[in-house]
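Asks: One structure follows; several queries about it will come next.
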Amino acid sequence: MNISQIISYWGYPDEEYDIITEDGYILGLYRISYGRTDNNKNLAQRVVVYLQHGLLTSARSWISNLPNNSLGFILADAGYDVWMGNSRGNTWSRKHLYLETNSKEFWAFSFDEMAKYDLPASIDFIVKQTRQEEIFYVGHSQGTTIGFITFSTIPKIAERIKIFFALAPVFSTKYLKSPLVRMTYKWKSIVKAFSGNKEFLSKTSFKKCVGSKLCPLQIFDKICLSILFMMFGYDSKNLNMSRLDVYFSHNPAGTSVQNMLHWSQLLNSTHLKAYDWGSPDLNLVHYNQTTSPFYNVTNMNVATAIWNGESDLLADPEDVKILHSEITNHIYYKTISYYNHIDFLFGLDVYDQVYHEIIDIIQDNL
Numbered sequence: 001m002n003i004s005q006i007i008s009y010w011g012y013p014d015e016e017y018d019i020i021t022e023d024g025y026i027l028g029l030y031r032i033s034y035g036r037t038d039n040n041k042n043l044a045q046r047v048v049v050y051l052q053h054g055l056l057t058s059a060r061s062w063i064s065n066l067p068n069n070s071l072g073f074i075l076a077d078a079g080y081d082v083w084m085g086n087s088r089g090n091t092w093s094r095k096h097l098y099l100e101t102n103s104k105e106f107w108a109f110s111f112d113e114m115a116k117y118d119l120p121a122s123i124d125f126i127v128k129q130t131r132q133e134e135i136f137y138v139g140h141s142q143g144t145t146i147g148f149i150t151f152s153t154i155p156k157i158a159e160r161i162k163i164f165f166a167l168a169p170v171f172s173t174k175y176l177k178s179p180l181v182r183m184t185y186k187w188k189s190i191v192k193a194f195s196g197n198k199e200f201l202s203k204t205s206f207k208k209c210v211g212s213k214l215c216p217l218q219i220f221d222k223i224c225l226s227i228l229f230m231m232f233g234y235d236s237k238n239l240n241m242s243r244l245d246v247y248f249s250h251n252p253a254g255t256s257v258q259n260m261l262h263w264s265q266l267l268n269s270t271h272l273k274a275y276d277w278g279s280p281d282l283n284l285v286h287y288n289q290t291t292s293p294f295y296n297v298t299n300m301n302v303a304t305a306i307w308n309g310e311s312d313l314l315a316d317p318e319d320v321k322i323l324h325s326e327i328t329n330h331i332y333y334k335t336i337s338y339y340n341h342i343d344f345l346f347g348l349d350v351y352d353q354v355y356h357e358i359i360d361i362i363q364d365n366l
């Protein structure tokens, strides 16, 4: 099922929009405007919450579990107007006004462009559509990275954000241990050659078949689990094994090779930098300087709440500490000892550990 079908299947109202970025990408944006049992359909009075997915996933990650354990549905049932964005290049954002999807030009982007174009376009659209002056922002993984960049470099967008909820935030990568990013760096020439320097890990029919048909089989489930834990961190007891086929059939949702190479450029760094185009001359064209510039999160004044896990291979606790020390307006900080990177989406106890706290903080700030 696609995103709209999943929302409708569980009995929620679904709205789907195509929004166009300043540089011509067409992004899928989804809305759950109220809960299943809500009789008050007055959307003008509803608080808006925007959800931004992480690396190699999509808006579907917020609704992949049952309604009582999926943040998109939980927030809608709590009375909020829920919007879910998609970054360029994933399953639901593979169109452009002028560029062909199979062209190298289409895939010449990283999270730089997601922060510069995608997120501002999404937030501007939501603000105009709902007529709400401020919204609450929830990001996971790369969804936090995009937020930190946008909110520290584009003040007019930052002014729209009431509170930034950062789940498994990634900014410093000095202690990052995920083999996925490290192998991309080590074998970057192979990755480029294999993919044509275009798309990285799209949701092909083969991968979808592997996820939905093979992972549920007892002989393969341990292999599928090992792949998950190798990428994101180990926590077998907190994963709903009955949903494993769903997780693998939905993910990976794809991104660009350039985006993965960008992450690999940042290994062992305590600060985010823009993409290095490979030569002083090319950097001069893109940035008016010979090296790629740093992003300064201290320029962000948005109130920020952080949740991270000690078993996370992508958002290492030591890296999160570095990030936390540079955030000027932090309002909440919680470390969960056994959480890995995807527990914030799929953990069995994620409502008790994270989601109900998000709702409590929202309610306290209305």
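First residue of the sequence shown? That's 1 in UniProt numbering, and the numbers climb one at a time after it.
Backbone N, C-alpha and C fix where the C-beta goes; we use that ideal spot for every residue, glycine too.
Would you report the Cα separation of ILE3 and TYR275, rounded to the nearest angstrom?
Replies: Indexing the sequence shown from 1 puts residue 3 at position 3. Indexing the sequence shown from 1 puts residue 275 at position 275. Using only the alpha carbons, I get a separation of about 31 Å.
Asks: Taking all protein chains shown into account, decide if ARG160 is buried (16 or more other Cβ within 10 angstroms of its Cβ) or exposed.
Replies: Indexing the sequence shown from 1 puts residue 160 at position 160. It counts as buried.
Asks: If we require 3 or more residues per run, which beta strand (DSSP E) segments fall completely within the segment 65-140?
Replies: 81-85 and 135-140
Asks: Compute the beta-carbon to beta-carbon distance between ILE322 and THR304, rounded to the nearest angstrom, for a pair I have assumed lies under 8 Å.
Replies: Within the sequence shown, numbered from 1, the residue matching residue 322 stands at position 322. Within the sequence shown, numbered from 1, the residue matching residue 304 stands at position 304. Contact flag wrong, Cβ pair sits at about 14 Å.
Asks: Counting contacts by CB-CB distance shorter than 8 Å, is LYS162 in contact with chain E?
Replies: Structure shown: chain E not included; a single protein chain is present.
Asks: Helix, strand or coil: how does DSSP classify CYS209 here?
Replies: Residue numbering aside, residue 209 sits at position 209 when the sequence shown is read from its first letter. Its pLDDT being 49, under 50, CYS209 is placed unreliably by the model, and the measurement read from it follows with that caveat. CYS209: helix per DSSP, three-state reduction.
Asks: Would you mind working out which of GLU318, PRO120 and VAL320 sits nearest THR150, comparing C-alpha positions?
Replies: Taking the first residue of the sequence shown as 1, we reach residue 150 at position 150. Cα-wise, what sits closest to THR150 is PRO120.
Asks: If you count every other CB in all the chains shown that lies within 10 Å of the CB of GLN45, and 16 or more means buried, which is it?
Replies: Position 45 of the sequence shown, counted from the start, is the residue given in the question as residue 45. Per the 10 Å Cβ criterion, exposed.
Asks: Exposed or buried, PHE294, counting other C-beta atoms within 10 Å across all chains shown (16 or more means buried)?
Replies: The residue you call residue 294 lines up with position 294 of the sequence shown. PHE294 is exposed by the Cβ-count criterion.
Asks: Is ASN259 closer than 8 Å to PHE109 when the C-beta atoms are compared?
Replies: As a first step, residue 109 must be located in the sequence shown, where it is residue number 109. As a first step, residue 259 must be located in the sequence shown, where it is residue number 259. Cβ atoms of PHE109 and ASN259: closer than 8 Å.
Asks: Output needed for VAL350: all residues of its chain with C-beta closer than 6 Å, excluding positions within five of it in sequence on either side, in chain order.
Replies: In the sequence shown, the residue the question calls residue 350 occupies position 350. Answer for VAL350: no residue qualifies.
Asks: Check whether the Cβ atoms of THR144 and PRO169 lie closer than 8 Å to each other.
Replies: Residue numbering aside, residue 144 sits at position 144 when the sequence shown is read from its first letter. Residue numbering aside, residue 169 sits at position 169 when the sequence shown is read from its first letter. Against a cut-off of 8 Å, the Cβ pair of PRO169 and THR144 comes out as a contact.
Asks: Roughly how many whole angstroms lie between the Cα atoms of SER87 and THR37?
Replies: If you number the sequence shown from 1, residue 87 lands on position 87. If you number the sequence shown from 1, residue 37 lands on position 37. Each residue's Cα considered, the two are about 31 Å apart.
Asks: Taking just the CA atoms, how far does THR173 sit from LEU267?
Replies: Here residue 267 refers to the residue found at position 267 when the sequence shown is read from its first residue. Here residue 173 refers to the residue found at position 173 when the sequence shown is read from its first residue. Between LEU267 and THR173, the C-alpha separation is close to 6 Å.
Asks: Compare the C-alpha of THR290 against each of VAL297, GLN129, GLY278 and ASN299 and name the closest.
Replies: Within the sequence shown, residue 290 is the residue found at index 290, counting from 1. Of the listed residues, the one whose Cα sits closest to THR290 is GLY278.
Asks: Per DSSP, ASP18 is paired with what?
Replies: On the sequence shown, residue 18 is found 18 positions in, with the first residue counted as 1. Looking at the DSSP assignment, ASP18 forms a beta bridge with GLY28.
Asks: Going by DSSP, name the residue or residues bridged to THR304.
Replies: Position 304 of the sequence shown, counting from 1, holds the residue named residue 304. DSSP output for THR304 lists PHE164 and HIS330 as bridge partner(s).
Asks: If you follow the alpha helix (DSSP H) that TYR9 is part of, which residue opens it and which one closes it?
Replies: Within the sequence shown, the letter at position 9 stands for residue 9. From DSSP, the alpha helix (DSSP H) with TYR9 extends over 3-9.
Asks: Quick check: what's the CA-CA separation for LEU261 versus GLU16?
Replies: The residue labelled residue 261 in the question sits at position 261 within the sequence shown. The residue labelled residue 16 in the question sits at position 16 within the sequence shown. Cα to Cα, the separation comes out at about 31 Å.
Asks: Grab the span of the beta strand (DSSP E) containing LEU51 for me, first residue to last.
Replies: As a working note, residue 51 is residue 51 in the sequence shown. Counting along the chain, the unbroken beta strand (DSSP E) around LEU51 starts and ends at 48-52.
Asks: Closer than 8 Å is the cut-off here; do at least three beta carbon pairs connect the segment 95-105 with the segment 51-68?
Replies: no
Asks: Tell me, which residues are paired with LYS174 by DSSP?
Replies: The sequence position of residue 174 within the sequence shown is 174, counting from 1. Beta-bridge pairing links LYS174 to no other residue.
Asks: Give the range of the alpha helix (DSSP H) segment to which GLY143 is assigned.
Replies: Mapped onto the sequence shown, residue 143 falls at position 143. It spans 142-153 - the alpha helix (DSSP H) in which GLY143 sits, taken as one unbroken run.
Asks: Would you report the Cα separation of LYS198 and GLY89, rounded to the nearest angstrom?
Replies: Numbered from its first residue, the sequence shown carries residue 198 at position 198. Numbered from its first residue, the sequence shown carries residue 89 at position 89. Those two C-alpha atoms are separated by around 10 Å.
Asks: Would you mind giving the Cβ-Cβ distance between GLY79 and GLY11, rounded to the nearest angstrom? I have them listed as a contact below 8 Å.
Replies: For this step, residue 79 is matched to residue 79 along the sequence shown. For this step, residue 11 is matched to residue 11 along the sequence shown. The distance from the Cβ of GLY79 to that of GLY11 is about 16 Å, inconsistent with a contact at the 8 Å cut-off.
Asks: In the DSSP assignment, find the unbroken alpha helix (DSSP H) run with PHE346 in it and report its ends.
Replies: Indexing the sequence shown from 1 puts residue 346 at position 346. From DSSP, the alpha helix (DSSP H) with PHE346 extends over 343-346.
Asks: Suppose the cutoff is 6 Å on Cβ atoms and the five residues either side in sequence are ignored; what does the same chain contact list for LEU55 look like?
Replies: Here residue 55 refers to the residue found at position 55 when the sequence shown is read from its first residue. Around LEU55: SER141 and GLN142.
Asks: According to DSSP, what are the bridge partners of GLU199?
Replies: Mapped onto the sequence shown, residue 199 falls at position 199. DSSP, once it has assigned bridges, lists SER256 as partnering GLU199.
Asks: The alpha helix (DSSP H) that contains GLN363, what's its start and end?
Replies: Mapped onto the sequence shown, residue 363 falls at position 363. It spans 356-364 - the alpha helix (DSSP H) in which GLN363 sits, taken as one unbroken run.
Asks: Identify the residues that DSSP records as bridge partners of LYS237: which are they?
Replies: Taking the sequence shown and counting its residues from 1, one reaches residue 237 at position 237. According to DSSP, which records beta bridges pairwise, LYS237 is partnered with nothing at all.
Asks: If I'm right that TRP92 touches GLY28 with Cβ under 8 Å, what's the distance once you round it to whole angstroms?
Replies: The sequence position of residue 92 within the sequence shown is 92, counting from 1. The sequence position of residue 28 within the sequence shown is 28, counting from 1. About 4 Å separates the two Cβ atoms, so the contact holds.
Asks: Helix, strand or coil, according to DSSP, for THR270 in the structure here?
Replies: By one-based count along the sequence shown, residue 270 stands at place 270. In the structure shown, THR270 falls within a coil segment according to DSSP collapsed to helix, strand and coil.
Asks: DSSP three-state call for THR335: helix, strand or coil?
Replies: Taking the first residue of the sequence shown as 1, we reach residue 335 at position 335. Three-state DSSP puts THR335 in a strand.
Asks: Looking at the unbroken alpha helix (DSSP H) that takes in PRO293, where does it start and where does it end?
Replies: Within the sequence shown, residue 293 is the residue found at index 293, counting from 1. It is not in any alpha helix (DSSP H) - PRO293 carries neither H nor E in the DSSP assignment.
Asks: Within its chain, find whatever has a CB closer than 6 Å to the CB of GLN353; leave out the 5 residues flanking it on each side and keep chain order.
Replies: Locating residue 353 in the sequence shown gives position 353, where the first residue counts as 1. Same-chain partners within the cutoff: ILE336.
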